[in-house]
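Colleague: So the sequence shown is numbered by full-length UniProt numbering: it starts at 1 and just counts up by one.
Take this structure, written in structure tokens, and hold onto it; I'll ask about it next.
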Amino acid sequence: RGLRARQIWQTGVIHIAEFGKLKFVRVAIDTFSSVIIATAHTGESAKDVVRHWQRAFSVAGVPSQTKTDNGPAYPSHKVNSF
Numbered sequence: 001r002g003l004r005a006r007q008i009w010q011t012g013v014i015h016i017a018e019f020g021k022l023k024f025v026r027v028a029i030d031t032f033s034s035v036i037i038a039t040a041h042t043g044e045s046a047k048d049v050v051r052h053w054q055r056a057f058s059v060a061g062v063p064s065q066t067k068t069d070n071g072p073a074y075p076s077h078k079v080n081s082f
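Structural data, given as structure tokens:
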């Protein structure tokens, strides 16, 4: 748990079949304030992670640290260079 806002964000992806083509929902949670930011995507690729983080960072600011579920997109070069 973070000791201040934007210190630690927990991120992951949830599959919601009822959303159809946009069934991959990426979620970021600020562990201090419990602010939740969710975006729907068509896939689980690195570009989807970057798009989600761009939207989340523009709304809530850039966190000091992110914790992920270690899904296949997170260790990619594209995500790490972002």
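Backbone N, C-alpha and C fix where the C-beta goes; we use that ideal spot for every residue, glycine too.
Keep in mind it's a predicted model, so treat the numbers as computed, not measured.
Within 10 angstroms of the Cβ of Val-59, are there 16 or more other Cβ atoms? Answer buried if so, exposed if not.
Modeller: What you label residue 59 is simply residue 59 of the sequence shown in a count that begins at 1. So Val-59 counts as exposed.
Colleague: So if DSSP puts Trp-9 in a beta bridge, which residue, or which two residues, is it bridged to?
Modeller: One-based indexing of the sequence shown puts residue 9 at position 9. Bridge partners of Trp-9: Asp-30, Thr-66.
Colleague: Taking the straight line between their C-alpha atoms, what separation do you get for Lys-47 and Asn-80?
Modeller: In the sequence shown, counting from the first residue as 1, residue 47 sits at position 47. In the sequence shown, counting from the first residue as 1, residue 80 sits at position 80. Their Cα atoms are separated by approximately 11 Å.
Colleague: Just tell me which of Ala-38, Ile-8, Ile-36, Thr-42 has its CA closest to the CA of Lys-23.
Modeller: As a first step, residue 23 is located in the sequence shown; it is residue number 23 there, counting from the start. Closest by alpha carbon: Thr-42.
Colleague: From which residue to which residue does the beta strand (DSSP E) around Ala-38 run?
Modeller: For the purposes of this step, residue 38 is taken as the residue at position 38 of the sequence shown. Note, Ala-38: beta strand (DSSP E), 36 to 41.
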